[in-house]
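Read through the structure below, which is laid out as C-alpha cells, and then see the notes.
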Amino acid sequence: MANAQTHLIVFANEKGGTGKSTTAVHTAIALAALGHRVGIIDLDPRQRTVTRYMENRGETAHRRGINLPTPDFAVLKGDSIEALEEESAAIAQDKDFLIVDTPGRDDAFARHMAARANTLVTPMNDSFVDFDLIGQVDAETFKVRRLSFYSELIFEARKSRAKADGASIDWVVLRNRVQHHDARNKKRVGDALMELSRRVGFRVIPGLSERVIFRELFPSGLTLLDKGHLGELGVSHIAARQELREMVSGLALPERADVQSMDLIGAA
Ligand SMILES: Nc1ncnc2c1ncn2[C@@H]1O[C@H](COP(=O)(O)OP(=O)(O)OP(=O)(O)O)[C@@H](O)[C@H]1O
Ligand SMILES: [Mg+2]
991 MANAQTHLIV FANEKGGTGK STTAVHTAIA LAALGHRVGI IDLDPRQRTV
1041 TRYMENRGET AHRRGINLPT PDFAVLKGDS IEALEEESAA IAQDKDFLIV
1091 DTPGRDDAFA RHMAARANTL VTPMNDSFVD FDLIGQVDAE TFKVRRLSFY
1141 SELIFEARKS RAKADGASID WVVLRNRVQH HDARNKKRVG DALMELSRRV
1191 GFRVIPGLSE RVIFRELFPS GLTLLDKGHL GELGVSHIAA RQELREMVSG
1241 LALPERADVQ SMDLIGAA
C-alpha cells in the first residue's frame, strides 16, 4: 500500500460464514460515523456482500433524501497481486483506515493483505467447528491439544512481517453470534480461546450476539448507529448498539484527536 499513514484492518477467516462481512461493514460504518476517513475493499467479487451492503446504503440515502456516513468502497477487479496493490493503494489514499473483507476460503489475495495488516480480525462463532481452524481440543476435557493450520499460518505471517519491516500484526479473535442461552458452550469455547490466545498471542474481544436485526438491516444498508433512521428502537436493539460500540472499542484502533469518541456515536 502506498500510504503508510493508513491503518489497515483485515477481516479474515478461511472458514465461511463466521461474520467477516457483517463485522467488517459495521466497523467501517462506525469509524466513518466518528468522522474518520474510511475505505473498504471487498475481496470477494463473487459474493460481494460488502459491496451490496454499501450499494443498499447508498440507495436508502437517495430514496429517503438523507445523509448517511458511508466509507468509500471498491470490489476486487484485477486478477493479480499487482492489480490488488494498485486498487488498494488507490482507495487507501487520504484515508485513516482501510478495511479489507476477505472470502471464507484459502485465497491468495486474502493471505497477501492479512500479512500486511496492522490489525487482523478473525471473527468466529462460539462453536468448536469454527474453533477447529485455529486449535484442536481434547474430546473429553476440551483442553487445547494443538494449534491448527490457520494459527500456524498467521504465526508465520507475523514472524516474516517482523523480520521484513519490524512491524507487528495485532491479531484479534472476535467472538460473533454469541448466544446467551448457551452458557455452557460459551464458557467452554471461551476457556479454550483463553488458553490458545496465550500460546499463539492473539487477543480475544467480544463481538455481536446472535440477533435477527443484524440480518434484517442488510437490504437497507443501515446499521444500529444510524440514529434517527431506524424508527422506534426496542430495548434489545439498544443493547445491540452497545455491543457494536464495545466491539469497535475492543479493536483498540489508533485515535485521532479531532474525531468523536466511540461512546458518543449513535447515543440513544
Ligand atoms: N451477530 C449476528 N447475528 C445474526 N446473524 C448474523 C450475525 N453475524 C452474521 N450473521 C449472519 O450470518 C451469516 C454469515 O455472516 P457473514 O456473511 O457476515 O459471514 P462471512 O464470514 O462474511 O461469510 P463468507 O465466508 O461466506 O464470506 C449471514 O447470513 C449474516 O447475516
Ligand atoms: Mg463474507
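Each position in the sequence shown, counted from 1, maps to that position plus 990 in the working numbering.
Just so it is clear, CB atoms sit at the ideal spot from N, CA and C, and this is done for glycine as well.
- No residue range can be given for R1036, since it is assigned to no alpha helix (DSSP H) and is classified by DSSP as neither H nor E.
- Here the region 1181-1188 makes no contact with the region 1143-1159; the two share fewer than three CB pairs at distances below 8 Å.
- Placement of the Cβ of F1099 at a distance of 8 Å or more from every heavy atom of ligand 1 is found.
- Relative to ligand 2, T1039 has its C-beta within less than 8 Å of a heavy atom.
- Collapsing the DSSP output to three states places R1136 in a strand.
- Boundaries cannot be given for G1006, as no alpha helix (DSSP H) includes it and DSSP labels it neither H nor E.
- Taken atom to atom, the span from the alpha-carbon of S1239 to that of T1131 is near 33 Å.
- D1122 is positioned such that its CB atom lies no closer than 9 Å to that of V1179.
- In its chain, beyond the 5 residues on either side, G1125 have a beta carbon closer than 6 Å to the beta carbon of L1137.
- Looking from the CA of F1192, the closest CA among L1033, Y1140 and F1087 belongs to Y1140.
- For the pair of segments examined, the region 1086-1094 was found to touch the region 1005-1025: the number of CB pairs separated by less than 8 Å reaches three.
- For A1230, the enclosing alpha helix (DSSP H) stretches over residues V1225 to G1240.
- In this structure, G1068 has its CB at a distance of at least 8 Å from all heavy atoms of ligand 2.
- Around V1111, the same chain offers F1001, V1162 and L1164 as residues with beta carbons nearer than 6 Å, after the five sequence neighbours per side are excluded.
- Look at P1093: its beta carbon is less than 8 Å from one of the heavy atoms in ligand 1.
- Within the same chain, Cβ atoms closer than 6 Å to the Cβ of I1195 are found at V1162, L1164 and G1240, the five residues on either side in sequence being excluded.
- The Cβ atoms of L1021 and D1097 lie no closer than 9 Å to each other.
- With a cutoff of 9 Å on beta-carbon distance, R1246 and S1199 are scored as not near each other.
- For K1010, the shortest separation between its Cβ and any heavy atom of ligand 2 lies below 8 Å.
- DSSP links F1192 through a beta bridge to no other residue.
- Within the region 1091-1135, the runs of beta strand (DSSP E) at least 3 residues long that lie entirely inside it are, in chain order, 1109-1115 and 1125-1127.
- Secondary-structure assignment with DSSP links N1166 through a beta bridge to N1115.
- By the C-beta density criterion, A1230 is buried, having at least 16 other C-beta atoms within 10 angstroms.
- When the beta-carbon positions are compared, A1104 and I1159 come within less than 9 Å of each other.
- Around the Cβ of D1069, a 10 Å sphere holds fewer than 16 other Cβ atoms; the residue is exposed.
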